[in-house]
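S.K.:
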Amino acid sequence: MTCDEVTILLHALLDDELDAGNARTVEAHLTTCSSCAARLRAYRAQRQALHDADLKFVVPDALRRRVVAALPAPQSTDRRNLLKGVALGGFVSALAASGVGLVVFDRQSDQALLYEVTSAHLRSLQPGHLTDVETSDQHTVKPWFNGRVEFAPPVIDLSAHGFTLVGGRLDFLGGLPVACVVYKRGGHVINLFVAPAPGADGTAPSEDVVRGFTVRHWNAQGLSFWAISDIERSELRAFTEALRSA
Ligand SMILES: [Zn+2]
45 MTCDEVTILL
55 HALLDDELDA
65 GNARTVEAHL
75 TTCSSCAARL
85 RAYRAQRQAL
95 HDADLKFVVP
105 DALRRRVVAA
115 LPAPQSTDRR
125 NLLKGVALGG
135 FVSALAASGV
145 GLVVFDRQSD
155 QALLYEVTSA
165 HLRSLQPGHL
175 TDVETSDQHT
185 VKPWFNGRVE
195 FAPPVIDLSA
205 HGFTLVGGRL
215 DFLGGLPVAC
225 VVYKRGGHVI
235 NLFVAPAPGA
245 DGTAPSEDVV
255 RGFTVRHWNA
265 QGLSFWAISD
275 IERSELRAFT
285 EALRSA
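At position 138 of the sequence shown the residue is numbered 182 (this note's numbering), and the sequence of numbers has no breaks.
1. Does DSSP put glycine 172 in a helix, in a strand, or in coil?
2. When you compare only the Cα positions, how much space is there between leucine 287 and isoleucine 200?
3. Mind checking whether threonine 175 and glycine 212 have CB atoms under 8 Å apart?
4. Would the C-beta of valine 50 count as close to ligand 1, meaning under 7 Å from any of its heavy atoms?
5. Just to check my reading of the structure: tryptophan 270 and valine 161 have Cβ atoms closer than 8 Å, yes? What is that Cβ distance to the nearest angstrom?
6. Quick one: what's got a C-beta closer than 8 Å to valine 148's C-beta in the same chain, skipping five residues either side?
7. Hey, would you say isoleucine 275 sits closer than 8 Å to histidine 205, going by beta carbons?
8. Here's the rule I'm using: 16 or more other beta-carbon atoms within 10 Å means buried, otherwise exposed. How should proline 249 be labelled?
9. Can you list, in chain order, the residues of its chain whose CB lies under 7 Å from that of leucine 54, leaving out five sequence neighbours each side?
10. Which residues bound the beta strand (DSSP E) around cysteine 224?
11. Let's test the definition: count the other Cβ atoms within 10 Å of the Cβ of histidine 183 and tell me whether it reaches 16, buried, or not, exposed.
12. How long is the line joining the alpha carbons of phenylalanine 257 and glycine 230, rounded to whole angstroms?
13. What I want to know is whether the C-beta of histidine 55 ends up closer than 7 Å to one or more non-hydrogen atoms of ligand 1.
14. Is any heavy atom in ligand 1 found nearer than 7 Å to the beta carbon of histidine 73?
15. With a CB to CB cut of under 8 Å and the five nearest residues on each side skipped, what residues in its chain are close to serine 168?
16. Can you give the Cα-Cα distance for arginine 281 and leucine 267, rounded to whole angstroms?
17. Run the CB neighbour count on arginine 260, radius 10 Å, all protein chains shown included, and call it buried at 16 or more, exposed below.
18. On the CB-based measure, 16 or more other CB atoms within 10 Å of its CB, does leucine 220 come out buried or exposed?
19. Between aspartate 63 and alanine 93, what straight-line distance do the alpha-carbon atoms span, to the nearest angstrom?
20. Indicate, with yes or no, if ligand 2 has a heavy atom lying under 7 Å from the CB of serine 250.
21. With a threshold of 7 Å (Cβ to nearest heavy atom), would serine 289 be considered close to ligand 1?
22. Mark histidine 95 as exposed unless 16 or more other C-beta atoms lie within 10 angstroms of its C-beta, in which case mark it buried.
23. In or out: valine 112 buried (at least 16 other Cβ within 10 Å) or exposed?
24. Give the straight-line distance between the Cα atoms of arginine 110 and proline 104, rounded to the nearest whole angstrom.
25. Does the beta-carbon of serine 79, which I'm using as the reference point, lie nearer than 7 Å to any heavy atom of ligand 1?
Shown next as structure tokens:
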């Protein structure tokens with residue numbers, strides 16, 4: 045058995061997961077190979093250190109409240125329980141403290157929001173549901189949102205890029221009012237949802253396909269954006285880039 049093969053089996057040996065034959069072979073190698081023996085000692089020390097370390101971390105209330113507040117409302121009860129579980133689990137909590145857990149929560153809430161965005165998009169395609177204010181004039185659409193949402197969504201004329209502004213409407217994501225700016229490309233509707241995301245870092249657009257619709261999501265300037273449509277993915281990418289560079 046070579047040192048490389050032994051190295052792969054060392055963890056299994058430590059975990060008592062090797063069958064008798066392999067265990068004997070590895071142990072025989074360790075009696076003659078000082079570097080593999082040293083590696084095993086290092087693994088043992090590492091494991092002991094992890095075992096001894098106090099890795100229990102209780103999520104501070106302020107952080108817990110912030111995370112819960114950032115989660116969409118419908119699942120909030122489940123998430124709260126999940127978070128409580130994290131506070132009780134030692135090593136998992138250390139991961140949460142390091143930010144790894146928070147990334148996981150964000151991804152879960154992103155996933156839930158993707159489906160809400162898709163449902164809202166489908167609803168908007170029903171007759172009479174697409175716009176509350178119907179005009180291609182950005183200077184009419186933008187002020188229409190005043191007093192209806194507590195932030196100012198950008199309303200940008202993209203006709204030079206082949207995307208026609210058709211209006212705006214008030215919509216809801218995660219139980220919260222959001223702005224929806226509506227565009228068309230040919231006969232196809234593009235809904236651009238805009239929600240407040242105070243303190244969120246800007247992100248490059250991510251792309252998902254949900255029930256045949258392409259959804260692009262990104263954060264910029266304290267706002268969260270979702271663009272959804274059944275146009276070609278490359279066209280929605282062009283739409284996103286035109287918006288982001290405007
Ligand atoms: Zn060796």
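Yeah, the Cβ is synthetic: ideal placement off N, Cα and C, and Gly gets one too.
M.R.: The structure says:
1. Coil, per DSSP.
2. C-alpha separation (whole angstroms): 7 Å.
3. Against a cut-off of 8 Å, the Cβ pair of glycine 212 and threonine 175 comes out as a contact.
4. Within the cutoff, so yes.
5. About 5 Å separates the beta carbon of tryptophan 270 from that of valine 161, a gap short enough to meet the 8 Å contact definition.
6. Low local confidence applies: a pLDDT of 44 at valine 148 is under 50, so the model's placement there is unreliable, with the coordinate-based value given in what follows. Closer than 8 Å at Cβ, skipping near neighbours: no residue.
7. No.
8. Burial call: buried.
9. Arg83, Leu84 and Tyr87, listed in sequence order.
10. 220 to 229 is the span of the beta strand (DSSP E), which, as asked, contains cysteine 224.
11. Exposed, because fewer than 16 other Cβ atoms sit within 10 Å of the Cβ of histidine 183.
12. For phenylalanine 257 and glycine 230, the distance between alpha carbons rounds to 16 Å.
13. No; taking the cut-off as 7 Å, the Cβ of histidine 55 has no heavy atom of ligand 1 nearer than that.
14. The answer is yes for histidine 73.
15. Excluding residues within five positions, the ones whose Cβ falls inside 8 Å are Leu174, Arg213, Asp215, Cys224, Val226, Val233 and Asn235.
16. Looking at the two C-alpha atoms, the distance is approximately 19 Å.
17. The residue is buried, with at least 16 neighbouring Cβ atoms inside 10 Å.
18. Exposed, because fewer than 16 other Cβ atoms sit within 10 Å of the Cβ of leucine 220.
19. Distance between the alpha carbons of aspartate 63 and alanine 93 is about 27 Å.
20. In the structure on display, ligand 2 does not appear, and the ligands it does have are ligand 1.
21. Every heavy atom of ligand 1 is 7 Å or more from the Cβ of serine 289, so no.
22. Counting other Cβ atoms within 10 Å of its Cβ, histidine 95 stays below 16 and is therefore classed as exposed.
23. Looking at its Cβ environment, which holds fewer than 16 other Cβ atoms inside 10 Å, valine 112 is exposed.
24. When rounded, the separation of the alpha-carbon atoms in arginine 110 and proline 104 is 10 Å.
25. Correct: serine 79 has its Cβ closer than 7 Å to ligand 1.
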